[in-house]
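Novice:
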Amino acid sequence: MTTTITELRELKTGSYIVVDDEPCKIVDYKTSKPGKHGEAKARIVVVGLFDNRKRSLVHPVKHKVHTPMVDRKKGQVLAMVGAEVQIMDLETFETFNIPLTNVPEEFHGDLDSGREIQYLSAMGKHLVTRV
Numbered sequence: 025m026t027t028t029i030t031e032l033r034e035l036k037t038g039s040y041i042v043v044d045d046e047p048c049k050i051v052d053y054k055t056s057k058p059g060k061h062g063e064a065k066a067r068i069v070v071v072g073l074f075d076n077r078k079r080s081l082v083h084p085v086k087h088k089v090h091t092p093m094v095d096r097k098k099g100q101v102l103a104m105v106g107a108e109v110q111i112m113d114l115e116t117f118e119t120f121n122i123p124l125t126n127v128p129e130e131f132h133g134d135l136d137s138g139r140e141i142q143y144l145s146a147m148g149k150h151l152v153t154r155v
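Take the sequence shown: its letters are residues 25 to 155, numbered as in the numbering used here.
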């Protein structure tokens with residue numbers, strides 16, 4: 025698993041965080057002031073990159089969390105194999121399969137062999153972002 029450990033106070037809206045073993049993007053981040061004997065709390069709303077589920081967290085701002093290494097890469101469509109798309113990375117020439125569930129509906133008709141795409145790679149999973 026390619027993650028780093030970060031304190032919540034260092035994160036902001038648009039950052040990535042791991043929640044329930046799923047890489048997520050922060051869509052809302054609010055902090056409350058500390059009380060007389062307490063600490064400041066962070067209220068965070070995240071959306072999963074691969075499952076689009078909305079999750080929320082409340083932790084002290086000193087709480088340490090895992091942040092995934094999210095890479096944006098370019099690839100080329102090699103073939104459609106059943107319910108998967110076979111992709112070749114254009115930098116490393118590695119080939120892998122992406123399930124059609126990780127391809128937005130708007131791109132399903134544009135996945136012809138030889139077509140270049142952009143995709144996100146995080147924690148061993150891939151998501152097509154642009155054709």
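Just so it is clear, CB atoms sit at the ideal spot from N, CA and C, and this is done for glycine as well.
Measuring straight from C-alpha to C-alpha, what distance separates Val-69 and Gln-100?
Specialist: 34 Å
Novice: Quick check: the Cα distance between Cys-48 and Leu-135, rounded to an integer number of angstroms?
Specialist: 26 Å
Novice: Taking 7 Å as the cut-off, is the C-beta of Ile-141 nearer than that to any heavy atom in the ligand GTP?
Specialist: Judged by which ligands are present, the structure shown has none, so any question about the ligand GTP falls away.
Novice: Once DSSP output is grouped into helix, strand and coil, what is the label at Gly-99?
Specialist: strand
Novice: Please work out which residues of its chain come closer than 6 Å, Cβ to Cβ, to Asp-95, disregarding the five sequence neighbours upstream and downstream, and give them in chain order.
Specialist: Ser-145
Novice: Any chance the segment 122-140 sits against the segment 99-114, with 3 or more Cβ pairs inside 8 Å?
Specialist: Three or more beta-carbon pairs drawn from the segment 122-140 and the segment 99-114 are found closer than 8 Å, and the two stretches are therefore classed as touching.
Novice: Can you tell me which of the three DSSP states Asp-113 falls into?
Specialist: strand
Novice: Could you tell me if Leu-114 is buried or exposed, where buried requires 16 or more neighbouring beta carbons within 10 angstroms of its beta carbon?
Specialist: exposed
Novice: Classify His-150 as buried or exposed, calling it buried when 16 or more other Cβ atoms lie within 10 Å of its own Cβ.
Specialist: buried
Novice: Which residue's Cα is closest to the Cα of Ser-137: Arg-33, Val-155 and Tyr-40?
Specialist: Relative to the Cα of Ser-137, the nearest Cα in the group Arg-33, Val-155 and Tyr-40 belongs to Val-155.
Novice: According to DSSP, is Phe-120 part of a helix, a strand, or is it coil?
Specialist: strand
Novice: Excluding sequence positions up to five away, which residues of its chain have a Cβ less than 8 Å from the Cβ of Arg-77?
Specialist: Here the set comprises Glu-46 and Val-71.
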